[in-house]
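Notes for the one structure printed next.
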Amino acid sequence: MIRLAALLSLALCVGEAQAADPLEVLRGEGYASAAAVVKALPIDPKDSAWEKAAPISLLAYPQSTVKPGLAEDGAAPLKMELRVLAKGRELAVRLSWPDAAIESWRTDRTDSFADSAALQFALPGREGTLPYIGMGEPDRPVDLWLWRNGRETEKLSAHGFGTLERQPGKLPDGDALWENGTWQIVLTGTIPNKAGPLLALSAAIWNGGDAGRDGRKRHTAWHLITFPGARTNSKVLSGLVKEGTASGNPERGKNLAEEHGCSGCHRLPGGEPVETGPDLTLAGGQHWPGYLRRSVKRPSSFLVPVDRFAEEGNLTSGKSLMPSLDLSDQDVEDLVAYLRSMK
Amino acid sequence: MTRQLAMVIDLNKCIGCQTCTLACKSQWTDRKGREFMYWNHVETRPGQGYPKGWEEAGGGWDGDVLKPGRLPRLREDYGIPASFNYEQALFHENAPALKSEQPMQWGPNWDEDQGAGEYPNGYFFYLPRLCNHCTNPACRAACPRQAIYKREEDGIVLVDQERCRGYRYCVAACPYKKIYFNPLAGKAEKCIFCYPRVEKGVPQACAFQCVGRARHVAFRDDREGAIWKLVEEWKVALPLKAGFGTQPNVFYVPPLSPPTFDAEGKPTQVPRIPDAYLEGLFGPAVHEVLARLNAEIARKQAGQTSPLLDMLIAFRHGNMFRLDRLGEKGNAA
Amino acid sequence: MDRRDFLSTTALCGLGLAFGGPLTSLAAYAAPRAAPPRAWEDAYRQEFLDTRGDAQGFAFHCSNCQGNCAWRVFAKDGRVTREEQAAAYPPLNPRIPDANPRGCNKGTVHSKEMYQGDRLLHPMKRVGARGEGKWRRIAWDEALAEIAAGTLDTVTRHGLGALMVYCGTGILSQGRRAGPLRLGSLLGAQRLYPASAVGDMFTGASLAYGLATVGHSLDAWFECDTILLWGINPLVTRIPDAHYITEARYNGANIFAISPDYSPSAKASTQWVAVKPGTDAYLAMSLLHVLLRDGHVDETFVREQTDLPFLVRLDTGDLLRHRDLRQGGKDDLYYAWDETTGKPAPMPGTPGHFKKTLRLGEIRPALSGRFEVQGLDGKMIPVSTVFDLVRAEAAKYPPEETQKVTGVHPELVLRMAADLAKAKKAIINIGFSLHKYVSGTMTTWAAALACALTGHAGERGGIDTENNWSLGGIGPLSSPKPARFASGFLSEWLNGGMQETMRRHYPDAHLRATAGYDSTDVERLTQERLERGNSYFGKPKTLLLFADNMFRRNKSESHHREALLKDLDLFVAVNHRMDSTALWADIVLPATSHYEAWDIRGELGYHRFCNVTVPPANLKRVGEVRSEWEICLGLAKSISAEAARQGIEAIPDPDFLTQQGDKAAPVMRDMKRLPDDYTMEGKLLNDADVVNWLMANVPQIKPWTSEDAKKNGFVVLNQEAGFTSPLYANRPYNSFERNVYLRQPYKTASGRQQFFIDHPVFKKIGWRVPTAIGPLRPPSFPFAFYTPHTRWGIHSQWRANAQLLRLQRGEPYIWLNPATAKDRGVAEDDRVRVFNDIGAFRARAKLMAAVPPGCVVTDHAWEPFMFEGRAGKNSLVAGMMSLVELVDGWGHLSFDPNWDGNMIAHESSVDFEKVVS
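Protein chains in written order, with the working numbering: chain A, 1 to 343; chain B, 1001 to 1333; chain C, 2001 to 2917.
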């Protein structure tokens, strides 16, 4: 498997300084923030160092692509706050989210699940694209730090559904605090990005009380963390900007969706659950416009490896059941804008 | 083509002694977070069994759709692996009674010999249960990690301990509730059909150590093996709860029982285990099987021979296991 | 992780996911990966190898289990990892299922038992009051010296008989048991007869055959057409052999399971006979009634093999004897009426007859009739036959009448009778339960008569109590000098002051009405036994107790314990675990358990295999444990040293005389030479030496050697092992073939299977011939209390085993019929108090449709220390003895291994109530 480190060096080899910050537009969209640099990374969620980090406010959406998920239970998005501190290659992330009760890993129970959280890391590809949000893609691996309450943390990597594997090396350190209905957990570790100016990060949380594990989680969309002073490849930057923006007309997109009968296979807002394709009611919050664009244009460009999404149930063909729609570029943009409105 | 190692358990020879249960335990489950698990256990039927109420816990197939299932609770449905206060109770003054440090609420054999019915027509029998190493395992289908697979050479269903992430969909999906979650390891574990023994030519601990000599082991396509003969030829061994749709590879010879008494205490002709109850476990074919067994016993009583009963009698313990025989097509196991 | 608190966030609440809780919806995922990586499979392979260890030995687990199964024992780094049945016994012949894989649930967990927290690890001395639980660890030397001093003090101040060296039924093997036996024998100590102490005497069989243990190797079940399991539950208590029952059923046998509860063996039967508890003798008499009424009598057999044709004087009620006819005639020569000559004829084969054969020659004995014979004084004596008396007695019990008592429908009795009569081979198996009712002797005697009437003996089956092999050559090892062999039940009765609880619980009038005798009769006959003086030696002052749980076992639990302890100066318990008895000791010594010492057992007759324990190489014994042989050697040395210090070389024991030249001299208890005598001049220093000695000296083991045994864990006994028949190499063992086919006389007063006894006590209570006797159960408490053997222990051994308790409910419980429980407002798993005028205990309730209404049942031998307040189930069992079992000194009813009695266990009445806490 291709490790993140290798990918990084590939992506950043032709870095070049930029005068103006082209990512500003993404910050505006809520897709990017800058990490604060500190001399010592805190582990305690109460550490005053966290004051230095700007709060990143994100919504964690119920996973709705594969079952069992949370979306089919009617779960609502949850508001999370992330703060990111950096020290060289080391990163400390504090995640906060509301949770009414503590559930921890119990060695005396077989039916309980621990409150858990994970950070998923990826790097933009050459074109500035990001891997699929759900565990990456075959040639776009992601790295993960997993925290489960009462259990040793894990350092993992994945390159698509079902490919999660533990990785050797020092485990993420951290601390967890539950107070007044809120979890605050800190995860610190080394990111394999020595000089990286950019790191895509997403968070997932599992509520033990909802039997949270695997796909029964809420997750954020990708969020870019920039590191001050680092050089970035302009192609990557412009690609990212394209990934993060959509200019279409959502109203028209909605009409197009109706015309093409998307609700026959996908659940759309206000619609009934449909089993054939992924539930799209929260797609705009879960994905970047770039991913939505690719999916609409070329459904088989990345197939979520689930039987029922594949042609004739044949997963290995990699061919999506979704027909190729005869769409103009504008149609695509309008559909993406429509999808993006679903949050 | 996957070959399938299979087992027939003769409920007329199971004496409920739990030697198999403990043989399995000392072979596999007395350590490493498995202490509460019984990969093999024997439960009294009728009863709630182990885990408690497993039959009502969902799982299995509805056509090609998995039915939802429930997760058993350790204390309430499996029962804690009780530990006892030996030191305190036996080597100190003012000692309390020897007892479990946490009171037991249920266990793998909690309703031993309780059964059903009313005296003098109460009834019970023993049902040993282990992973059925199904041909269509619901556990395997439910695993998003594809951590569960059937081995090509013997059809043994295994949970890849390196892939398993402890999601427990398999636990819910198994309608027999014979996959367990190991909360210490954070992984699902189950009966492995003793593959490390079988690979060395040693039968499964539960089968080899069955002092009732109730268990036959062979490949399903071994025409000389007891499985072929009892399942396909004599048709006296049936899967448990075939309606779950998983196509088990453990089969049972259903139990005969002595007759009930009428109101005057006179024995009737009616076996005390109601046929309907057995049908609920083994399906409608059970009537024919019991009739066949009775007919063969009648032949024996009339001084005739019965190859079927001779096979069930099993004159040689060692011949009950055929682990390395050639299959139908001559391919070695 | 280096910050532990990160891991230990405590959970504050559980969650509601559960059976009955929400269902997890599931998705069916893709077909499996074509070639899953399988390197991980090595993990379980390695675990398997770990359990196989690096060394292997053999063992068996004989406490008071008669299973005697060869196991392989695996060890790694000196620690036992696992055990597994050896399953290597050779088949007898192709038509009999082989004996593999003998073993059971208890054997399978012994490696856990071995390292469990109740294991005794070091010698300990109490530093508080007895039973208080305050202990101090002491060194072996200190312990042995202290015991030696106490022992010598006892024998010098109170006599040799005041020392009891008793090895209980925790060890019944020939190797480990030899140590205490040999030491006790050299010292002249008293010891109890264990079979009687635990209530395992088959006195009904003794009456009939002069042998308590008769029967078959249990593979004989497979050959039967008809099997009666009477008060025996082999699916629970004979686990290694139970397959012969289920296989016999497949082979076409009719199997009648006679028991009050629907037991697992009833489940495996073709017909359950639901007899009310304690009424078995009525059922047995009805069986005889039908056999006689319907003419199911094998006349040839009974004329020759039984005393049924013997003449009985109708004037005195005694057998007609030679002395009745001739001045100075013999007391042991009996007559039948010869139909050929029309005269009484002395029966060959009776002890007083010069013909030592049962062959009748020209005599054709009448089975029935009234005759007159001329007596000494010339007067005619009216006589009849035993057969007629038996028939007259049986006539009183038509099954249509006894159904009211037994609950058994006449149809069932008819079927049993018919099946017995037509069976080529039939076995009536008598369980250890029956003789723990007062009626047990009669039930078994009547069952023996049923077998006689239908000709079932030898290859045709017959009564089966428990077959034992005859192992010769052991005497020089275990009994080098005569010792004080005490009646088991009588000694425990007297040592425990049981007459008090008998008087309290059983009103005399009630006893007379139900049993035909009362407590005064019991006490008078007890007194007679004491005056005879050959079976009771007084309360011990020093008790060296090996592997015996007498404070768990004995009736009237605390009452017995206090009575015994009161007069004890020194109480030493030697055991591998802390049991309910060791808790009260002055000194406890830790002994090896089943895998840690060499051992051998071959006298058990359920099969023909003599098993050997071979500890795995380099096995580390637990703690400071020593084998019983080593412990007794240590005691011999320390007693000898202490005697030397006190200037004692030898103590004469005038109760036993030896011939010295032409004079009788008292046996000398030689203290100086004690260690040399014990070790046979240094030949037997440890348990391995003992096993080698036995292998070389027991003729029934030939031609096998120690080397053979070490290779396989067992050897096969040869033809000489059978008591009453040869042990043929290729077929199951049957009793009495020498009597039936070679016409050798039986070891009874009559020389035949005997169904008439004219001892005054038998005459007084109307027991000259088999008859019925009712349950004693006093009406002062409403429920019958009986305690069948458990699946979960060999008596109290393994009863506290964690692995086994997890397969039960973790604490003692009683079985109640649901309706009976409901009457007392008791629900499943409620806590209940069971009580009567003797005592009380508390337990949980388990509701069982299998249990008859009106009964409180618990599978027996829970350790008292497992009960709240440490009062066990025997707390409310009153002392009781059967009067006939106290008879001594008459014909074949003289105290010896074939004639001793049982304390009654199942006749007490109780009540129970829900405990509201």
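Ideal placement from N, C-alpha and C gives every residue a C-beta, glycine not left out. Model, not experiment: these values are computed from the prediction.
Chain B contact for residue i (CB, 7 Å cutoff)
i                : result
D214 of chain A  : yes
W2040 of chain C : yes
R109 of chain A  : yes
C2104 of chain C : yes
G162 of chain A  : yes
Chain C residues whose Cβ lies nearer than 7 Å to that of residue i
i                : result
K1187 of chain B : Those within 7 Å of K1187 of chain B in chain C number zero; the least Cβ separation is about 11 Å.
C1017 of chain B : C2104, N2105, I2239 and R2791
Helix, strand or coil at residue i according to DSSP, with G and I counted as helix
i                : result
N2692 of chain C : helix
A2784 of chain C : strand
Y2044 of chain C : helix
P1046 of chain B : coil
T2156 of chain C : helix
M80 of chain A   : strand
D2676 of chain C : helix
E258 of chain A  : helix
Per-residue contacts from residue i into chain A (C-beta, under 7 Å)
i                : result
L2023 of chain C : Near L2023 of chain C there are no residues of chain A at all, since even the closest Cβ is about 11 Å away, more than 7 Å.
First through last residue of the beta strand (DSSP E) which encompasses residue i
i                : result
K2125 of chain C : M2124 to R2126
P2666 of chain C : K2663 to D2670
Residue interval of the alpha helix (DSSP H) (run including residue i)
i                : result
I1313 of chain B : P1307 to I1313
C2062 of chain C : Premise fails: C2062 of chain C is in no alpha helix (DSSP H) and is neither H nor E.
C2632 of chain C : E2628 to R2645
K2404 of chain C : P2399 to T2406
F2387 of chain C : V2386 to A2395
W2493 of chain C : G2488 to N2495
Chain C within 7 Å of residue i, Cβ atoms only
i                : result
K67 of chain A   : yes
P1046 of chain B : no
V1008 of chain B : no
P1271 of chain B : no
Neighbour list for residue i in chain A, Cβ cutoff strictly below 8 Å
i                : result
P1144 of chain B : V66, F161, G162, D214 and G215
Residue-level contact to chain A via CB, residue i, 7 Å cutoff
i                : result
Y1195 of chain B : no
P1258 of chain B : no
A2513 of chain C : no
F1181 of chain B : yes
A2139 of chain C : no
Cross-chain neighbours of residue i in chain B, by beta carbon under 8 Å
i                : result
R2806 of chain C : G1079, P1081, A1082, M1104, G1107 and P1108
Exercise. Which residue spans inside the segment 1244-1298 of chain B form an unbroken beta strand (DSSP E) run of at least 3?
Worked result: Taking 3 residues as the shortest admissible run, the segment 1244-1298 of chain B contains the following complete beta strand (DSSP E) segments, listed from N- to C-terminal end: 1250-1253, 1259-1261 and 1267-1271.
Problem set entry | Length at least 4, wholly inside the segment 2750-2774 of chain C: the alpha helix (DSSP H) runs in chain order | Listed in chain order, the alpha helix (DSSP H) elements of length 4 or more contained wholly in the segment 2750-2774 of chain C are 2760-2764.
For this session: Output the residue ranges of the beta strand (DSSP E) runs that lie fully inside the segment 1166-1230 of chain B and measure 3 residues or longer, sorted by chain position.
Result: Listed in chain order, they are 1179-1182, 1187-1190 and 1215-1219.
Exercise. Which ranges would you report for the beta strand (DSSP E) in the segment 2441-2483 of chain C if only whole runs of at least 3 residues count?
Worked result: Correct list: 2461-2464.
For this session: Let me know the alpha helix (DSSP H) ranges lying completely inside the segment 2706-2750 of chain C, each 4 residues or longer, listed in chain order.
Result: List check, alpha helix (DSSP H) in window: 2706-2712 and 2737-2740.
Exercise. Hey, which unbroken runs of the beta strand (DSSP E) at 3 residues or more fall wholly within the segment 2168-2241 of chain C?
Worked result: The segment 2168-2241 of chain C contains these whole beta strand (DSSP E) runs: 2190-2192 and 2226-2230.
For this session: Jot down the residue ranges of each uninterrupted beta strand (DSSP E) in the segment 1069-1129 of chain B, minimum 3 residues, whole runs only, in chain order.
Result: Here the runs fully enclosed are 1125-1129.
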